[in-house]
Amino acid sequence: MEQLAIVLIVLIFLMGLMVPVLRPLLKNYTGRILALVPFALFGALTFLFFSLPDETARIVETGFGFLPEMQFSFRIDGLSLIFGMMVSGIGGLVLGYSSFYMAKYAGKTKFYFFLILFMGAMLGLVFADNLLALFIFWELTSITSFFLIGFDHDKDKPRQAALQALLITALGGLCLLFAVIMIGNLAGTFRLSELYSQGFHFGAHSQYQTVFLLIFVAVATKSAQFPFHFWLPGAMNAPTPISAYLHSATMVNAGIFLLLRLNPVMGGTIAWKGALILTGGITMFIGAFFSLGQKDLKRILAFTTISALGTMVMLIGMNTTASIKAALIFFIVHGLYKGGLFMVAGIIDKNTGTRDITRLSGLLKSMPVTSIAGILALLSMSGLPPMLGFIGKELIYDAKVQMPELSWLVVPLGVAANMMMVAISILVFYEIFIPRKNKPAIALLHKEKELPGNFLAGPVILALIGLGLGMAPGWLNNILSNAMFYVQSQAVDVHLTLWHGFNQVLLLSIFTVAMGTVIFILRRPVGKLVGIIIPWTDQYHLPEKFNNLISNYLSFAGKHTNRIQHGYHRYYLITFFMATLLLIVYQLLSAGGEWFHPSESSPVRMHVVLVLIISAMAVLFAVFSKSRLSAIVSMGVLGYGVAVLYMFYGAVDLAITQFLAETIIMVIFVMVIFYLPDFAVLSSKKSRIRDAIIALSVGAMMTMIVLKARFINLEEPISQFFAEKSYLEGHGRNIVNVILVDFRALDTLGEITVLALAAAGVFTLLRFNPIKKKSEK
Amino acid sequence: MELVIAIFIGLLYASGVYLLLRRSIVKLILGVFVISNATNLIIFLSGGITRSGVSFIGDEAEKATLETMTDPLPQALILTAIVIGLGIAAYILALKYKYFETTGTHDLDQLSKTDQK
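Chains as they are written, first to last, in the numbering used here: chain F, 4 to 780; chain U, 965 to 1081.
Shown next, in the form of structure tokens:
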């Protein structure tokens, strides 16, 4: 069964890659049919869920990996099962839901492609047994979610939101990579199963603080913790199915998952507790607080998600048995109700054309099924019985009350946040579902009261699961105790019940609901207060600050790039020549030694000198000539002069080649020159003098190099080898030719290739006619 | 003699660099030719010019010594360089021809943008 589950995960990946092929075949049924695979995976996981004994984990090796230390091995234990079931189950529902929601969208192939790849990456992340593999899947979720959030890429806002999410989560990804490598180096293994079985915990190690900081940044960015929380509301620009998936059970919970995974390895230290409780607490509070001031249903949900994530981080930071248990339950609770609420929001949006809670009203009458699913989810969100949310909230309170040193801080913060959650739930319920006299019921865009049944399946199923698990939480006992064993590294017995007696915690709950109702009744003054605070915090509006930072950085970089890459060819050359000149002259002068030794040099031959003088005059004439033709002819004189020089010094082959090549170049030049303009004096006198100085210095430098080179021998010349072997092994008496066609035959092959390319280039250039093409259009 | 050739190379480089820094593209191409000739000469000189025998192995002999002949290795390198130089020359001239035909200018300063005309 484990193998089957892993095969299904791989299948999800393949399916994602196959979407461009599958979609034309499946047409409008794509979402619903593809949803079968995650459902099958969910089924397999459910089977494992009931059959997995306590305190065991199953490891599945694939034998595939990029490196010996980085094998793609998977582990199935309570923790990965809980997350995996949520990811695959909600994933399947979201795919089915998308089938309807996305029906009129363009670019559905892209949508399914990235959504399914994202699902695969998320599943890989939760089941990975190797920390490096976990990192790879982590990055994959960041990248695919970038494309999902920026789905409407032709609009400015989604693009910006996507970029923001990517930059922030990628920062966390980098931190995670460093942290993983450091953990691997400290422990000597990247495998979670070995880390767990060795009981490795490096809380006392000197590098612990660094690793913890890196992990903390990774988690805070991914799970939208303060002060990185601001990318999450922006991500609401994505189509609703994406929000429903990313923000209920997947993407943002990856950070929570990572904390739970690493808890046995590095949890429970002072730094761990302090940082997580503090950040989690702040995030929990501001998330709930800001949700009160929102009007867009999806934005309300986004802020409550931030609050929920804060709650989980805080619970994990507390690191007691009760708090870990509460975190795990709350993860399930949150996934169920948030997924459902997002889907409900999407349905309402489709059916009424708005998500503004001040405009929506009386939906209970016009859309009863949707409304009931939504109301059940709201019940769960506010933590009322008989939903699973009630158990979750009771466990959270229980954990907070039991927290020995910090209960004075965490209990009031938690109660305050929950009060606001209750208030926002009642507010949403009151505004959009209840028919009221002073607010006209909103008209539906579709004639049939409800949308197709499958569209509703998602939220209804999620609401019913939330209700069912609330009635019979005992189902979760086994898997929770298995998960707890791997998070806390000690065996824990879990017994969940809906009713656990009349105690302090229940009193707190009653107080919370009562206060929540009070806030709701006082919603006008409270709304005003939030309305005052939000503009004030807008001065420190983080998304904008972040955008400014990025755009300033870009313009700064652009300015400096333009200074260096100005586009003037000759200034590039001047820079190059000056830099080379300085470096080489410095090197030549500091090398010391002699420059010229009369006794070692060969005698001056007057006829050679004569040739050189003629060539030099030809070159100077070419430089200053105003006529194109005479400049070219004097270039020819130089070429022939050099050829004659080769001949005087016994290089017959060179001389012949030089004569031939020079002749051909002259012929081509004369052919082309006919079409080219006359020389014109383009530069000013000043710049000509500057150029002349640069040119003369470069010339002097080259003379120095040539002279100095004779006295520097780094390697023994190998020419003797060629002289000895060329007849015996190459069977040729012309040594130069044997070198070319035998000893260095590959070089010659390269040379022929260059010639062929040049010929092809010339041919293409002469046929290429951009202007003509344009006019033909 | 080395000194004379070294000065000659220096002069060629000076002329070549001066031509490279011109704005007219025809002069730039002339500069490339001059510099490639000068560079070939440097390689040639590095083999030494004290001996000037042809680098052949005599009819009867099986191997030759380097004592009388010009070093064959730099020659082989230069031979390759000359031929490649020919290829570059043909290409660069075709490019220049097309460039002038398309843009109507031979001023390199006008070439700072990619979308011309």
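Glycine residues also receive a C-beta, built at the ideal position from the N, C-alpha and C atoms.
Pair within 8 Å by beta-carbon distance, residue i and residue j
| i | j | result |
| --- | --- | --- |
| U:PHE1008 | U:PRO1036 | no |
| F:ALA291 | F:MET424 | yes |
| F:MET239 | F:LEU416 | no |
| F:GLY702 | U:LEU975 | yes |
| F:LEU465 | F:GLY343 | yes |
| F:PRO244 | F:TYR100 | yes |
| F:LEU279 | F:GLY320 | yes |
| F:LEU661 | U:ILE1046 | Leu is not the amino acid found at residue 661 of chain F; the sequence shown has Gln there. Contact flag set, yes. |
| F:PHE103 | F:SER246 | no |
| F:THR49 | F:MET88 | yes |
| F:ILE12 | F:SER196 | no |
| F:GLY653 | U:VAL1018 | yes |
| U:LEU1072 | F:HIS572 | yes |
| F:ILE482 | F:GLY81 | yes |
Residue i (DSSP reduced to helix, strand or coil)
| i | result |
| --- | --- |
| F:LEU70 | strand |
| U:LYS1081 | Its pLDDT being 42, under 50, U:LYS1081 is placed unreliably in this model, and the value from its coordinates should be taken loosely. Note: U:LYS1081 maps to coil in three-state DSSP. |
| F:GLU58 | coil |
| F:ARG302 | helix |
| F:PHE514 | helix |
| F:VAL63 | strand |
| F:PHE75 | strand |
| F:LYS777 | In this prediction, F:LYS777 has a pLDDT of 48, which is less than 50 and means its spatial position is unreliable; what the coordinates show is noted afterwards. Looking at F:LYS777 - three-state DSSP - the assignment turns out to be helix. |
| F:SER251 | coil |
| F:SER604 | coil |
| U:SER979 | helix |
| F:SER364 | coil |
| F:SER1 | Absent from the structure is residue 1 of chain F, since the part of chain F shown begins at 4 and ends at 780. |
| F:ASP359 | strand |
| U:SER988 | strand |
| F:ASP159 | helix |
| F:ASN188 | helix |
| F:PHE114 | helix |
| F:ALA106 | coil |
| F:ARG713 | coil |
| F:MET406 | coil |
| F:MET4 | coil |
| F:PHE203 | coil |
| F:GLY479 | Reading off the sequence, residue 479 of chain F comes out as Leu, not Gly. Correct three-state label for F:LEU479: helix. |
| F:PRO462 | helix |
| F:PRO680 | coil |
| F:MET18 | helix |
| F:ILE721 | coil |
Residue from the options with nearest C-alpha to residue i
| i | options | result |
| --- | --- | --- |
| F:GLN405 | F:PHE662, F:PRO443, F:ILE186, F:ILE327 | F:ILE327 |
| F:ILE350 | F:VAL463, F:LEU312, F:ALA426 | F:VAL463 |
| F:HIS208 | F:GLN201, F:LYS548, F:PHE229, F:MET185 | F:MET185 |
| F:HIS498 | F:GLY504, F:ILE146, F:ASN480 | F:ASN480 |
| F:SER687 | U:PHE972, U:ARG987, U:ALA970, U:ALA978 | U:ARG987 |
| F:GLU754 | U:GLY1012, U:ILE1048, U:GLY1017, U:VAL998 | U:ILE1048 |
| F:ALA305 | F:PRO371, F:GLN228, F:VAL316, F:ALA190 | F:GLN228 |
| F:VAL268 | F:PHE193, F:LEU312, F:ASN256 | F:PHE193 |
| U:GLY1011 | F:GLY735, F:GLN723, F:LEU760, F:PHE771 | F:GLN723 |
| F:MET317 | F:LEU710, F:LEU409, F:ALA582 | F:LEU409 |
| U:GLY1051 | U:SER1000, U:MET1033, U:VAL990 | U:SER1000 |
| F:LEU261 | F:ALA698, F:SER369, F:VAL129, F:LYS276 | F:VAL129 |
| F:VAL626 | U:ILE1056, U:TYR977, U:SER1016, U:PHE1064 | U:TYR977 |
| F:VAL709 | F:ILE692, F:ALA695, F:PHE599, F:ALA761 | F:PHE599 |
Identified DSSP bridge partners for residue i
| i | result |
| --- | --- |
| U:MET1033 | U:GLY1017 |
| F:ASN737 | U:PHE1020 |
| F:ASN133 | F:ARG194 |
| F:ASP496 | DSSP lists no partner for F:ASP496. |
| U:ASP931 | Residue 931 of chain U lies beyond the residue range present for chain U, which begins at 965 and ends at 1081; the question has no answer from this structure. |
Within chain A, the residues that residue i reaches when beta carbons sit closer than 9 Å
| i | result |
| --- | --- |
| U:ILE1007 | Annotation note: the requested chain A is absent from the structure, which comprises protein chains F and U. |
Residue i beta carbon near the ligand MN (any heavy atom closer than 7 Å)
| i | result |
| --- | --- |
| F:ILE350 | Summarising the ligand content, the structure contains no ligands, and the ligand MN is consequently not present. |
### Message
Please give me, in chain order, every unbroken run of the alpha helix (DSSP H) with length at least 4 that falls completely inside the region 617-671 of chain F.
### Response
631-651
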